[in-house]
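Here this note's numbering is used: the sequence shown runs in plain steps of one and ends on residue 444.
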Amino acid sequence: MQLRRRIRWLVRHGLIRRTVQRQMRAGDLGSRLMLDPAIREDPFPSYDQIRAQGPLVRCDLALFSAQHNVCEAVLRSPHFGQARLDLLPGILQVGAKIGGRGALGPIEPPSMLVADPPEHTRYRKLVTRAFSARAIAALRPRIEQIAEDLLDDMASAASGSSTVDLVSHYASLLPATVIAEILGAPVQMRRQFLDWGAGAALSLDVGLSYPDFRRSELDIAALHRWMLGHFADIRRAPRDDVLSTLVTAHDQEDRLTSDELSSIAMLLLAAGFETTVNLLGNGAVLLMRHPDQLDLLLGQPQGWVNAVEEILRYESPVQRTGRVANQDTEVARHQVPAGSFIVLLLGGANRDPAVFPDPHRFDVQRANAAQNLAFSSGIHYCIGATLARLEGEVGLRALFCRFPDISLADAPHRRPTRVLRGYDTIPVRLRSHVTSSIGHYGV
Ligand code: HEM
Numbered sequence: 002m003q004l005r006r007r008i009r010w011l012v013r014h015g016l017i018r019r020t021v022q023r024q025m026r027a028g029d030l031g032s033r034l035m036l037d038p039a040i041r042e043d044p045f046p047s048y049d050q051i052r053a054q055g056p057l058v059r060c061d062l063a064l065f066s067a068q069h070n071v072c073e074a075v076l077r078s079p080h081f082g083q084a085r086l087d088l089l090p091g092i093l094q095v096g097a098k099i100g101g102r103g104a105l106g107p108i109e110p111p112s113m114l115v116a117d118p119p120e121h122t123r124y125r126k127l128v129t130r131a132f133s134a135r136a137i138a139a140l141r142p143r144i145e146q147i148a149e150d151l152l153d154d155m156a157s158a159a160s161g162s163s164t165v166d167l168v169s170h171y172a173s174l175l176p177a178t179v180i181a182e183i184l185g186a187p188v189q190m191r192r193q194f195l196d197w198g199a200g201a202a203l204s205l206d207v208g209l210s211y212p213d214f215r216r217s218e219l220d221i222a223a224l225h226r227w228m229l230g231h232f233a234d235i236r237r238a239p240r241d242d243v244l245s246t247l248v249t250a251h252d253q254e255d256r257l258t259s260d261e262l263s264s265i266a267m268l269l270l271a272a273g274f275e276t277t278v279n280l281l282g283n284g285a286v287l288l289m290r291h292p293d294q295l296d297l298l299l300g301q302p303q304g305w306v307n308a309v310e311e312i313l314r315y316e317s318p319v320q321r322t323g324r325v326a327n328q329d330t331e332v333a334r335h336q337v338p339a340g341s342f343i344v345l346l347l348g349g350a351n352r353d354p355a356v357f358p359d360p361h362r363f364d365v366q367r368a369n370a371a372q373n374l375a376f377s378s379g380i381h382y383c384i385g386a387t388l389a390r391l392e393g394e395v396g397l398r399a400l401f402c403r404f405p406d407i408s409l410a411d412a413p414h415r416r417p418t419r420v421l422r423g424y425d426t427i428p429v430r431l432r433s434h435v436t437s438s439i440g441h442y443g444v
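Spelled out as structure tokens, the structure:
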């Protein structure tokens, strides 16, 4: 078991890690983006450097793009699909077979995130209705209530001490509670879900260390075991929720295999909070550091919708994704041979001056902030985008209306992930205390 995990790590991360470390020391920018700790903290100058070199930049590892038009074109093109294990060089394929399949992680087949049509189309059809604009709009009052309850709890937690952690008391619990209710998972387990989710989130990065890889596999396996037990409960007493719909699609309609059922259920649960926590955390820090922008919003509550777009643009919670050319093709007048891997720097595309003038300025009134690619584009466009936007708008507005002079008590701490950009702790002082938040300002 341990040995096979070691082999899996070597094939998926270890060999790449060693190569990337070597290339990083030689100054290769793409490799530094993958592993350099300084670039993780502030990747934006590197994105500018890549963009300045052209639409598609060859680094040792892959092609990279930080241009908005190129990223969007690749994401929408049928000539690009997801990376597959059978594209690995022969020797690595042998290793992959010996190592065996690991945990059913978010970028492990049959995950929807790495599926191509027709499987991808089949998976999405099963769940899109639950996340439609109409279904999500109906959740607004409930999300407002959850935000208010969490703010009450956070105020009580803060009353005995001068500082409180905004992530553990609010930014993580809000989306974890909402997605658990939507899916029909027990809300009292939300802290356990967050713990497993943090391990699963590591698996999105390239070149993991062995301890991180081991942690991610164990956490995903624990979530999977729990999910199988929950499916058994649903079979005994089916309900009217998303997970019950998926179980029915597997048991009665033969539309999903067992692995597909588990994979979709775990992806929806983890994606439901692992990303939105970063939108809330990044947004809160940006607004505490830009009081002039916060003042604009406190005086003009209808501005929150656009502010959320600007936060998504400026500090994109998902910084990058990738695609492989499934045939010889052309992008931005560059020939791209079949099998080429392109890293799409969404966080860089969102700072492209060709689309966003003065892109490094945080401006909640930016007219075209909504043109950001934070939720990707094309067939993998985020299923939860409408939900995440609503949680961002309600969650941030409720926080700042209740505590308008909330401030950082200490430097916030970035989470260790690279694909996901956010904070794992944000120590704050709440100071003033207005009793009702959303009601004061309305929409
Ligand atoms: C601010 C919050 C969020 C951000 C920034 C975000 C971002 C993304 C991105 C960039 C992708 C596509 C990746 C690619 O093209 O390779 C994606 C896909 C996905 N997201 Fe989100 N997401 C967020 C919230 C959510 C929520 C709340 C859910 C809850 C259901 C969710 C569920 C999914 C799913 C299931 C996919 C896979 C879609 C597919 O492959 O067709 N996301 N998300």
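We put the CB at the ideal spot given by N, CA and C, even for glycine. All figures in this text were calculated on a predicted structure; none of them were measured in a lab.
Where Ile147 is concerned, the enclosing alpha helix (DSSP H) starts and stops at 141-160. For Leu345, same chain residues with a beta-carbon under 7 Å away, outside a window of 5 residues either side, are Ser66, Cys72, Val75, Leu76, Arg321, Thr322, Gly323, Arg324 in chain order. For the ligand HEM, a non-hydrogen atom lies closer than 6 Å to the CB of Ala389. Shown here, Arg334 sits in coil according to DSSP, grouped into three states, outside any helix or strand. Secondary structure at Pro428: strand, using DSSP grouped into helix, strand and coil. Pro119 and Ile427 have their C-alpha atoms roughly 42 Å apart. Taking 7 Å as the cut-off, the Cβ atoms of Arg41 and Arg419 count as close. Secondary structure note for Ala136: its alpha helix (DSSP H) is the uninterrupted segment 134-138. Secondary structure at His80: coil, using DSSP grouped into helix, strand and coil.
Taken from the Cβ of Cys72, every heavy atom of the ligand HEM lies 6 Å or farther away. Residue pairing by DSSP places Phe342 opposite Val325 in a beta bridge. Look at Arg102 here: in three-state DSSP terms it is coil, with no helix or strand label. Between Met228 and Ala266, the C-beta gap is smaller than 7 Å, which places the two residues in contact. In the DSSP annotation of this structure, the continuous segment of the beta strand (DSSP E) that includes Phe65 starts and ends at 64-66. Arg415 has Tyr424 as its beta-bridge partners, per DSSP. If you compare the alpha carbons of Thr277, Glu392, Ile8 with that of Glu145, the shortest gap goes to Glu392. DSSP, read as helix, strand or coil, puts Val179 in helix. Nearest Cα to Pro187 within the set Asp213, Ala201, Ile235, Glu149: Ile235. For the region 241-271, the continuous alpha helix (DSSP H) assignments of 4+ residues that do not extend past its boundaries occur at 243-252, in sequence order.
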